[in-house]
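**Q** Attaching a single structure in structure tokens format; questions to follow.
Residue numbers (my numbering): 69 to 248.
The following block contains the structure:
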């Protein structure tokens with residue numbers, strides 16, 4: 069169960085004064101051919117991403133005794149999903165995420181739109197490979213969404229072996245006011 073990346077695990081309903089409880093039977097198998105990459109919540113829906121699929125379900129789920137259900141899992145009609153969990157950020161008009169082509173927006177109507185055309189060409193590193201998104205932030209006071217991108221560099225430390233070091237190269241900004 070801990071190594072099964074095709075299920076969503078959930079807790080019993082939270083109770084004040086108690087730590088969250090995760091019974092082993094509180095897991096929801098997700099009908100995906102791929103391992104799950106990321107999860108988010110939008111408008112009462114739980115959105116689940118694999119690298120080439122987006123799925124969702126809703127509801128309150130089981131109570132503390134295990135009574136109750138989630139809605140059936142629905143698959144969106146898209147052939148792209150999320151390839152980097154660190155790129156997922158909830159915003160006013162949906163959820164941004166990085167797909168195979170670049171940055172997408174899953175809007176509140178559950179439509180996936182490619183929105184990275186203005187920045188995706190500049191998000192390649194010197195080696196010609198796409199930079200990794202290390203973090204995505206919603207700056208609600210400025211109506212900007214910022215993606216910190218960079219490349220991973222490998223170097224060898226004689227004491228501990230090979231280490232991956234992240235080097236941030238740039239910050240990509242989506243301006244919600246101008247929708248670009």
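Here a beta-carbon is modelled for each residue, glycine too, at the ideal position from N, C-alpha and C.
Who are the Cβ neighbours of residue 146 in its own chain at under 7 Å, not counting the five residues just before and after it?
**A** One-based indexing of the chain shown puts residue 146 at position 78. Answer for residue 146: 122, 180, listed in chain order.
**Q** I want to know whether the region 101-112 touches the region 130-145 - three or more CB-CB distances under 8 Å.
**A** At 8 Å Cβ cutoff, the stretches do not touch.
**Q** Between 153, 152, 215, which has its C-alpha nearest residue 238's C-alpha?
**A** Translated into positions along the chain shown, residue 238 becomes position 170. With distances taken between Cα atoms, residue 238 lies closest to 215.
**Q** What would DSSP say about residue 133, mapped onto helix, strand or coil?
**A** In the chain shown, counting from the first residue as 1, residue 133 sits at position 65. It is coil, neither helix nor strand.
**Q** Who does residue 142 pair with in a DSSP beta bridge?
**A** Stepping through the chain shown from its first residue, residue 142 is reached at position 74. DSSP output for residue 142 lists 124 as bridge partner(s).
**Q** Pick out whichever of 92, 155, 183 has its Cα sitting closest to the Cα of residue 79.
**A** Position 11 of the chain shown, counted from the start, is the residue given in the question as residue 79. Here the closest residue by C-alpha is 92.
**Q** By Cβ distance below 7 Å, which residues in the same chain neighbour residue 74 in space, the five residues on each side in sequence not counted?
**A** On the chain shown, residue 74 is found 6 positions in, with the first residue counted as 1. Within the same chain, residue 74 has close Cβ partners 97, 98, 100, 103, 104.
**Q** Could you pull out every residue in the same chain whose Cβ sits closer than 6 Å to the Cβ of residue 173, ignoring the five residues on either side in sequence?
**A** The residue given as residue 173 occupies position 105 in the chain shown. Same-chain partners within the cutoff: 162, 164, 181, 183.
**Q** Rounded to whole angstroms, what is the Cα-Cα separation between residue 144 and residue 178?
**A** Stepping through the chain shown from its first residue, residue 144 is reached at position 76. Stepping through the chain shown from its first residue, residue 178 is reached at position 110. Answer to the nearest angstrom: the Cα atoms are 7 Å apart.
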